[in-house]
Amino acid sequence: MQPIYKIEANGIDVTEQLNSETSEITFNDEDGTVSDEITLKVEGLHKRPKKDDELKLWLGTKQTSLFYCGLFKVSRTPVSYGEENFLHITATAVDFSKNLKVKRSQTYENCSVKQVCQVIASRHGLTLKSDFDEIFILHLEQTMESDLHFLKRIAEEYNALFSIKNNTLIFVKRVKDGKKSDALPRFALEIKDINNARIEPTNKTSYNSCKAVWRDIKSNTQKSITVGDGEPIFMLRDNYENEADAKAKAEAALQKANSGTKEGSVKCDGFEIYAGAILVLTGTLEDDDEYHIKRVDHIANKSGWHITIKIEN
0 MQPIYKIEAN GIDVTEQLNS ETSEITFNDE DGTVSDEITL KVEGLHKRPK KDDELKLWLG
60 TKQTSLFYCG LFKVSRTPVS YGEENFLHIT ATAVDFSKNL KVKRSQTYEN CSVKQVCQVI
120 ASRHGLTLKS DFDEIFILHL EQTMESDLHF LKRIAEEYNA LFSIKNNTLI FVKRVKDGKK
180 SDALPRFALE IKDINNARIE PTNKTSYNSC KAVWRDIKSN TQKSITVGDG EPIFMLRDNY
240 ENEADAKAKA EAALQKANSG TKEGSVKCDG FEIYAGAILV LTGTLEDDDE YHIKRVDHIA
300 NKSGWHITIK IEN
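Going by numbering that gives the first Met the number 0, the first residue of the sequence shown is number 0, and it counts up by one from there.
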């Protein structure tokens, strides 16, 4: 299918200006806190845009509607000279502002993880999408730590998907009620409808349970809690503040320990799909499953619109 696109530069639609000259557009969409990135390869000699000029990109086909890829700031502008001249424009998603990387100290007490995320989202003018409203913390310290690093740390502890896209702070469960969260978007593909796929088992050990230790303040004794059943047992080494905290961390650790037992990539024609979502893959011999989408690389050029989807279960 022939790709179509729309590009705005500093709020001005420049699509018509580039349509006949843009040789290739790439859009790299990450599921975590690595900034998304676009690259435009424009044929001919052109004046470079200024650093930090803002670009908005939409992708699609004549048979489908355009979908919004995001807002980006120009970061690099190399030029290739030769028999053919090209201007390469690389731009990075703007969501990772300098303020998110400023070290700060703050104490959070008697609140949910979602409320912690809301404080940080509000501080940076971001909308919040989170389903961590039922997990509470008694005390949590952010000591000379950036909001970005702080949220990454919490996401690791609770096996959360954390990213910032299109002015939205996303902090949602990867697994909920024993399965991949229904809050995550799902995209379905059959093997017969793709160009090729490669799925490979990893060498990770699968665990049947996880044990965590917590301190009972009333009795001043150390206690433990185990989630799951049977061996092998994944042991958490930290001491947690109460039984509920230990249980939440143990459940998250068991989920995380048992993820990524398969990984791979899928290549197919382009369509609207997002990193951080779920790919439902069917039609294989033994690899039908729901996979987390780690990264999507879009390439649109004169030969069409193609994507590579990096996945793990």
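The beta-carbon is built from N, C-alpha and C at its ideal position, and this holds for glycine as well.
(request) Between the Cα of I190 and those of A251, D286, K222, spot the shortest distance and give me the residue it belongs to. (result) Measuring from the Cα of I190, the nearest candidate turns out to be D286.
(message) Going by the DSSP bridge assignment, what does K309 pair with across the sheet?
(response) In DSSP, K309 forms a bridge with S264, R294.
(request) Mind reading off the beta-carbon distance from W213 to L58? Whole number of angstroms is fine, and I expect it under 8 Å. (result) Between L58 and W213 the Cβ distance is about 48 Å, and since that is not below 8 Å, they are no contact.
(message) As a quick exercise: from A256, K301, N207, F270, pick the residue whose alpha carbon is nearest that of E311.
(response) The candidate whose alpha carbon is nearest that of E311 is A256.
(request) Can you check the stretch 74-105 for any beta strand (DSSP E) of at least 3 residues that lies completely inside it and give the ranges in chain order? (result) List check, beta strand (DSSP E) in window: 85-92.
(request) Would you kindly check if the distance between the Cβ of L147 and the Cβ of L99 is under 8 Å? (result) With respect to L147, L99 sits close: the two C-beta atoms are nearer than 8 Å.
(message) Taking 8 Å as the threshold (C-beta atoms), are F66 and A90 in contact?
(response) Pairing A90 with F66 gives a Cβ-Cβ distance that is not under 8 Å.
(message) My output table needs one value for K246: the three-state DSSP class, helix, strand or coil.
(response) If DSSP states are grouped into helix, strand and coil, K246 belongs with the helices.
(request) Identify which residue in F26, S64, S79, E36 has its Cα closest to the Cα of E42. (result) Residue S79 is the option with its Cα nearest to E42.
(request) Output yes or no for whether 8 Å exceeds the beta carbon distance between V323 and S205. (result) With the chain covering only 0 through 312, there is no way to say anything about residue 323.
(message) Going by beta-carbon coordinates alone, are G6 and T14 separated by less than 8 Å?
(response) For the record, residue 6 in the displayed sequence is Ile; it is not Gly. Yes, the Cβ-Cβ distance between I6 and T14 is below 8 Å.
(request) Use the C-beta contact count for C187: other C-beta atoms within 10 angstroms, 16 or more gives buried, fewer gives exposed. (result) Contrary to the premise, residue 187 reads as Ala rather than Cys in this sequence. Exposed is the call here.
(message) Please report the distance separating the alpha-carbon of Q105 from that of V115.
(response) Roughly 11 Å separates the two Cα atoms.
(message) Alpha carbons only, please: which of E230, P231, A245 is nearest the one belonging to D237?
(response) Looking at the Cα atoms, A245 is the closest of the given residues.
(message) For a minimum of 4 consecutive residues, which ranges assigned as the alpha helix (DSSP H) are wholly contained in the stretch 147-205?
(response) For the stretch 147-205, not a single whole alpha helix (DSSP H) run of length 4 or above is found.
(request) Check A252 in the structure and name its three-state DSSP category. (result) It is helical.
(request) Could you tell me whether the Cβ of F186 comes closer than 8 Å to any Cβ of chain D? (result) Judged by its chain identifiers, the structure shown contains no chain D, having just a single protein chain.
(message) Is any non-hydrogen atom of the ligand NAD found closer than 7 Å to the C-beta of S79, if you look at the structure I gave you?
(response) This structure does not include the ligand NAD; it has no bound ligands of any sort.
(request) Would you please state the rounded distance, in angstroms, between the beta carbons of K40 and S74? I believe it to be under 8 Å. (result) With a beta-carbon spacing of about 15 Å, K40 and S74 fall beyond the 8 Å limit used to define contacts.
(message) Just to confirm my understanding: we take F131, look at its own chain, exclude 5 residues before and 5 after, and list those with CB closer than 6 Å. What are they?
(response) Answer for F131: V112, K113, listed in chain order.
(request) Out of F170, N241, A211, point me to the one whose CA is closest to S218's CA. (result) A check of alpha carbon separations from S218 across F170, N241, A211 identifies N241 as the nearest.
(request) Would you identify the three-state DSSP class for K61, choosing helix, strand or coil? (result) Annotated three-state conformation of K61 is coil, per DSSP.
(request) Would you mind stating whether I169 and S162 have Cβ atoms separated by less than 8 Å? (result) Contact flag set, yes.
(request) Flag this pair as yes or no: are the beta carbons of G263 and R185 separated by less than 8 Å? (result) Inclusion of G263 and R185 in the CB contact set at 8 Å is not warranted, their separation being larger than that value.
(message) Taking the beta strand (DSSP E) that R214 belongs to, which residues open and close that run?
(response) If you look at R214, you'll find it in the beta strand (DSSP E) that goes 208-215.
(request) Might you give, ordered along the chain, the residues of its own chain that have their beta carbon closer than 6 Å to the beta carbon of D296, omitting 5 neighbours on each side? (result) Excluding residues within five positions, the ones whose Cβ falls inside 6 Å are N27, T307.
(request) Would you tell me roughly how many angstroms separate the C-alpha atoms of G124 and V118, rounded to the nearest one? (result) In a straight line, the C-alpha of G124 is about 10 Å away from that of V118.
(request) Look at the alpha carbon of E271 and the alpha carbon of K61, and state the distance between them as a whole number of angstroms. (result) Those two C-alpha atoms are separated by around 13 Å.
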